[in-house]
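First residue of the sequence shown: -5, per our numbering; consecutive thereafter.
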Amino acid sequence: MKRFALSRKGIGAVPLILGLIVVFAGAFLLYRNWQAGTEARKATPGQASAVPPGAPGPKAAPSFSLPDTDGNIYSSARLAGKPVVINFFATWCPPCKAEIPGFVEVYNKHKGKGFELIGISLDTDSRTSMPGFIMSNKIGYRVLFGDLATARAYGGVSTIPTTFFVGKDGVIRNVHVGYIDKDAFDKEVMKLL
């Protein structure tokens, strides 16, 4: 009956097995997200699709009211009449983190022209660590905590990162699924200005 008890030299079998399951599940999710982003880049290298996933044609960007890192509710109504990019991301997602420096550079370049960039975090447990993530990545644009309802409203965001390019008229002009490099991102932003 002692076969699952702690050994003298390490952890028991049950915690070890549970730990391995968690590691493999995390690796699988990272691989699946990376693979989806790679497939999206192969299909449209450096380009955004003209129509959002699941939509028959151009549509207005869904409205939202989400908390920011200070707990204040930010409404998308504040974006009316502005060119906007909405990026769904997660702090644990490698392609999401890789595109942030380019986002920061392009945002700083165009924010004086009324351009807004909104990051919507789909993390479930990062509320306390988000301020540190923002600071370490030098993010100067607004970051909000997303929810399932918002992801569904935007066509069921199933792959991160997913980036929506919204014109001054509030209509979604382009959607990019997966990693987007700085130059391609800047070209898409320029089309909105």
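Even for Gly, the Cβ is constructed at its ideal location relative to N, Cα and C.
Which residues in the same chain as ALA54 place their Cβ atom closer than 7 Å to its Cβ, once the five residues preceding and following it in sequence are excluded?
-> Start at 1 with the first residue of the sequence shown, and residue 54 comes out as number 60. Counting only Cβ-Cβ distances below 7 Å, and skipping sequence neighbours, we find GLY164, VAL165.
Going by alpha carbons, who is nearest to ILE114 out of PRO77, LYS181, SER69, ALA74?
-> Reading the sequence shown from its first residue, position 120 is the one you call residue 114. Of the candidates PRO77, LYS181, SER69, ALA74, the one whose C-alpha sits nearest the C-alpha of ILE114 is SER69.
If you draw a straight line from the alpha carbon of SER120 to that of LYS162, how long is it in whole angstroms?
-> Taking the first residue of the sequence shown as 1, we reach residue 120 at position 126. Taking the first residue of the sequence shown as 1, we reach residue 162 at position 168. Looking at the two C-alpha atoms, the distance is approximately 31 Å.
Thinking C-beta only, is LEU138 closer than 8 Å to ASP64?
-> By 1-based counting over the sequence shown, the position of residue 64 is 70. By 1-based counting over the sequence shown, the position of residue 138 is 144. No, they are not a contact pair.
Let me know the secondary structure DSSP gives LEU142 once reduced to three states.
-> Counting from one through the sequence shown, the residue named residue 142 turns up at place 148. LEU142: helix per DSSP, three-state reduction.
Where ASN66 falls: helix, strand or coil (DSSP) | What you label residue 66 is simply residue 72 of the sequence shown in a count that begins at 1. ASN66 falls in the coil class under three-state DSSP.
Pick helix, strand or coil for LEU186, following the three-state DSSP scheme.
-> Taking the sequence shown and counting its residues from 1, the one referred to as residue 186 is at position 192. Here LEU186 sits in helix by DSSP.
Is the CB-CB distance between VAL183 and VAL100 below 8 Å?
-> In the sequence shown, the residue the question calls residue 183 occupies position 189. In the sequence shown, the residue the question calls residue 100 occupies position 106. Against a cut-off of 8 Å, the Cβ pair of VAL100 and VAL183 comes out as a contact.
Residues of its chain near ASN102, where Cβ-Cβ distance is below 8 Å and the 5 sequence neighbours each way are ignored = As a first step, residue 102 must be located in the sequence shown, where it is residue number 108. Correct list, in chain order: GLY134.
Return the Cβ separation of LEU116 and ALA145 in integer angstroms, given the expectation that the two are a contact with Cβ distance under 8 Å.
-> Position 122 of the sequence shown holds residue 116. Position 151 of the sequence shown holds residue 145. With 8 Å as the limit, LEU116 and ALA145 qualify as a contact, their Cβ atoms being about 6 Å apart.
Along the chain, where does the beta strand (DSSP E) that runs through VAL79 open and close?
-> Taking the sequence shown and counting its residues from 1, one reaches residue 79 at position 85. Unbroken beta strand (DSSP E) run through VAL79: 78 to 83.
Helix, strand or coil at ARG167 according to DSSP, with G and I counted as helix = As a working note, residue 167 is residue 173 in the sequence shown. Strand, per DSSP.
CB-CB under 6 Å to ALA34, same chain, minus the five flanking residues each way: which ones, in chain order?
-> Counting from 1 along the sequence shown, the entry for residue 34 is found at position 40. Because the pLDDT of ALA34 is 41, which lies under 50, any placement of that residue in the model is unreliable, and the question is left without a value.
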